[in-house]
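Just so we're aligned, residue 33 is where the sequence shown starts under this note's numbering, counting upward by one.
Ideal Cβ placement from N, Cα and C applies to all residues, glycine included.
Please read all numbers here as calculations on a predicted model, not as lab measurements.
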Amino acid sequence: MTQGLTLALLSLLLYGIWGFSFKLLSIKEIQGEWAVSLIMLFGAAISALIALARAEAFPLEKIGGNIPWLVLVAVSGAVGNIFLIKAMSFPGLSSGVVLAVSGAYPLVAALLAYFILGEQLGLTQALGAAAIVLGVGLLMFK
């Protein structure tokens with residue numbers, strides 16, 4: 033549990049740096065599809081190097097039947113990042129609002145898991161989802 037929480041907190045920190053970096057790139061007028069392409073290419077190279085360093089076996093037998101899901105992940109991630117970097121470049125729209133709205137994606141993931149995978153949402157999770165909706169709503173009003 034402690035190691036998992038530590039990894040989650042490190043993920044939080046790195047995603048915060050990642051979001052700030054997207055805003056920094058947009059300020060420097062580095063935005064759009066090419067910026068996202070380079071970012072994802074560098075990310076893929078870094079991930080592959082980490083997997084090689086950890087001597088992880090390439091999961092070829094698992095990939096074959098899951099190509100449509102891999103394509104869905106790649107397309108939604110790439111297009112989502114393009115929309116994110118374009119939203120960051122809009123004048124008058126703060127990076128905090130953009131990141132908070134896009135950062136509410138666990139709500140979408142939870143709802144998809146509920147409706148498609150049949151995962152259960154308890155009272156606590158439902159209240160958390162409502163808090164996300166309320167929080168995003170509050171960010172939209174000045």
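Practice task
Since I believe L139 is in contact with I164 (beta carbons under 8 Å), could you give me their beta-carbon distance rounded to a whole number of angstroms?
Solution key: 5 Å
Problem - Sub-9 Å separation of A110 and V68 beta-carbons - result: yes
Problem - Inter-residue spacing [alpha-carbon to alpha-carbon] between W50 and V133 - result: 15 Å
Exercise for the section: Can you have a look at I117 and say buried or exposed, based on whether 16 or more other CB atoms are within 10 angstroms of its CB? Expected result: buried
Exercise for the section: Return the CA-CA distance between L24 and L159, expressed in angstroms with no decimal places. Expected result: Shown here, the chain extends from 33 to 174; a query on residue 24 therefore has no answer.
Practice task
Return the first residue and the last residue of the alpha helix (DSSP H) that G169 is part of.
Solution key: 155 to 172
Problem - Inter-stretch contact (C-beta, 8 Å, three-pair minimum) for the stretch 118 to 127 and the stretch 55 to 65 - result: yes
Problem - F173 versus K55: straight-line alpha-carbon distance, rounded - result: 21 Å
Handout entry: M72 and N98 closer than 9 Å at C-beta
Key = no
Practice task
Locate the alpha helix (DSSP H) running through S108, then write down its first and last residues.
Solution key: 99 to 120
Exercise for the section: Take G96 and list the residues in its own chain whose beta-carbon comes closer than 8 Å to its own, dropping the five residues that flank it on each side. Expected result: none
Handout entry: Proximity below 9 Å, CB of E151 to CB of A142
Key = yes
Practice task
Pull up the distance between the alpha-carbon of L37 and that of E93, whole angstroms please.
Solution key: 31 Å
Practice task
Along the alpha helix (DSSP H) that carries K94, what are the first and last residues, could you check?
Solution key: 92 to 95
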